[in-house]
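The opening position of the sequence shown corresponds to residue 925 in my numbering, with each subsequent residue numbered one higher.
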Amino acid sequence: MFNLVLADSELETIPKEIWSHPSISRYCSRRRKKPRETILDSSYHYKALRHLEDGYRRGRPDIVHFSLLYALGTPLCKKRMLNIFVHTRRNLVIEVDPETRLPKHYNRFIGLMEQLFREKRVPPTGKPLLLLRRASLSDILKEKGDLTILIREGGKKLNPSKLISLAENGEKVNLVVGGFPHGDFISKFDFEMEFSVYEDPLEAWVVIGKVIHSIEEEMGIG
Ligand SMILES: C[S@@+](CC[C@H](N)C(=O)[O-])C[C@H]1O[C@@H](n2cnc3c(N)ncnc32)[C@H](O)[C@@H]1O
C-alpha cells in the first residue's frame, strides 16, 4: 500500500494580515465571500501576496488540483493501492477518499475547497470524501505509514522495484512530494530514503505522474 503525501502544499484561506488589502476586498465582494472563507490564489491576489512572508510561493491551489486529478485517476488508486493526503502550509491535512470525483473545472474545485475549509468535511453529511483536520507533516507520516520515501530533485534515481518490494512486505509506504512551486520543504520530517525522477526540477503533478506510472509498470498494472 502506498500513501501519496503532497507536503507543504500552498493551499490556505486568505490570511488575516491581508484581509483589508484593496485587491482582496474587491475580489471577495465580487464573489460575495468573506476573506476568511476564501482560498488564497496567487493568480488573483499577487498584489496582496507581496505583503506576506513567503508570498512568492503562496496561493497555489492549482498545484493541489492538478495533482489530485492525476493521482485519483490512476489505476493504482482505482485498485485501492494508493491513499492520498494533502498536507498544507498551516498544518491542516486533507484526507482524500480514493473514490472522490473532483470537479475538473478550476472554479468549482476552489468552491469545493472553500466548503471543505468551512465545514471540515465534504459532503457535510454521509460518508466523507474529503476530511480536513489539524496535523503536522511529521504526525501524518508517522500515523499513516511505516516508512517514508522523499521524492525530490537531486536524490538517487528512482528505483521502482525497491519501492514495490517495500510495499510487498506489508509496509505502508509514504511517498512525499512537495505541493509548492518554488524553494524547499518548510516542515521538518524524517525519511528513510530519497529518490529523484529527473535531473532538473519538475512540476509536482509531473513528478507524481512519473512515480505512479513507474510503480504501475513494475507491478504490471494499467
Ligand atoms: C515544483 S517542485 C518544488 C520547487 C523546486 N524545489 C524548485 O525550486 O524549483 C515540487 C516538488 O516536486 C518534486 N520534484 C521536483 N522535481 C523533481 C525531480 N526532478 N525528481 C524528483 N522529485 C522532484 C519535489 O518533491 C518538489 O518538492
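Positions of the beta carbon are idealized from the N, C-alpha and C atoms, including for glycine.
Among the options, which one has its Cα closest to the Cα of residue i?
i, options, result
"I938", "V988, M925, I963 and E977", "I963"
"L996", "L930, D965, L1082 and R960", "L930"
"G983", "N1007, D1070, K957 and M1037", "M1037"
Taking 8 Å as the cut-off, decide whether the C-beta atoms of residue i and residue j are in contact.
i, j, result
"D986", "Y1030", "yes"
"R1042", "E934", "no"
"L1026", "L992", "yes"
"F1009", "E1023", "no"
"S1120", "L1082", "yes"
Return helix, strand or coil for residue i, following the three-state DSSP convention.
i, result
"E1127", "coil"
"S944", "coil"
"N1083", "coil"
"V1097", "strand"
"I938", "coil"
"L1090", "helix"
"S966", "helix"
"G1050", "coil"
Evaluate residue i with the Cβ neighbour count: other Cβ atoms within 10 Å of its Cβ, from every protein chain shown; 16 or more gives buried, anything less gives exposed.
i, result
"S1085", "exposed"
"I1139", "buried"
"T1049", "exposed"
"D978", "exposed"
"I1110", "exposed"
"P946", "exposed"
"P1047", "exposed"
Would a check of beta-carbon distances place residue i closer than 8 Å to chain D?
i, result
"H1011", "The chain inventory of the structure shown lacks chain D, comprising one protein chain alone."
DSSP puts residue i in a beta bridge; with which residues?
i, result
"F1148", "With the chain running from 925 to 1146 in the structure shown, residue 1148 is simply not present."
"F1009", "V929 and E1019"
"V1135", "Answer is none; V1135 lacks a bridge partner."
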